[in-house]
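**Q** Numbering (the working numbering), first residue to last: 2 to 146. Heads up, the beta-carbon is just placed ideally off N, CA and C, and yes, glycines get one too.
1. So, helix, strand or coil for residue 28, using DSSP?
2. Can you tell me which of 5, 6, 7 and 15 puts its alpha carbon nearest to the alpha carbon of residue 100?
3. Do you know how far the Cα of residue 111 is from the Cα of residue 91?
4. If you draw a straight line from the alpha carbon of residue 66 to that of residue 29, how long is it in whole angstroms?
5. Only counting the same chain, and skipping five residues up and downstream in sequence, which positions put a Cβ closer than 8 Å to that of residue 77?
6. Of all the beta strand (DSSP E) runs that stay within the bounds of the segment 58-111, which reach a length of 3 or more residues?
7. Among residues of its own chain, excluding the 5 on either side of residue 38, which ones have a beta-carbon nearer than 6 Å to its beta-carbon?
8. Taking the alpha helix (DSSP H) that residue 117 falls in, what are its first and last residues?
Set out below in structure tokens:
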């Protein structure tokens, strides 16, 4: 549960950054931004897979780039659902979804699914952070003379 709340908070920060970055996306308050982030997460969890399934041939033909259009439509849909969250046109939604994906990925980079921070420091020499010997693939090259 803590992990879900932490990811929602980080996605709210990402959406807050997008609102301040793009002039065509506006939110009345930080509470509205948090609500929009929650609705965007729900739309992406439940509606987006169905849309991707129905548009699968187009997504395959575009080598997956059509998912960027789908993300833009999902964000535009959120602006129609959440009162106080406005997007002027689809292209702002498209770029907003693209920036949101980048910001969200960067913010969630060090969070595991249980909500804990994950940092590994392999260069420190501390054996707690080193992978076990059976997790390392070792390739040895022998020269034949």
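**A** Let's see:
1. DSSP places residue 28 in strand when its eight states are reduced to three.
2. The shortest Cα separation from residue 100 among 5, 6, 7 and 15 belongs to 15.
3. Rounded to the nearest angstrom, the two C-alpha atoms are 31 Å apart.
4. Their backbone Cα atoms lie some 32 Å apart in a straight line.
5. Around residue 77, the same chain offers 88, 91 and 94 as residues with beta carbons nearer than 8 Å, after the five sequence neighbours per side are excluded.
6. When DSSP assignments are scanned along the segment 58-111, the uninterrupted stretches of beta strand (DSSP E) that are 3 or more residues long and fall wholly within it turn out to be 86-88.
7. Contacts found: 12, 13 and 16.
8. Run containing residue 117: none; DSSP gives neither H nor E here.
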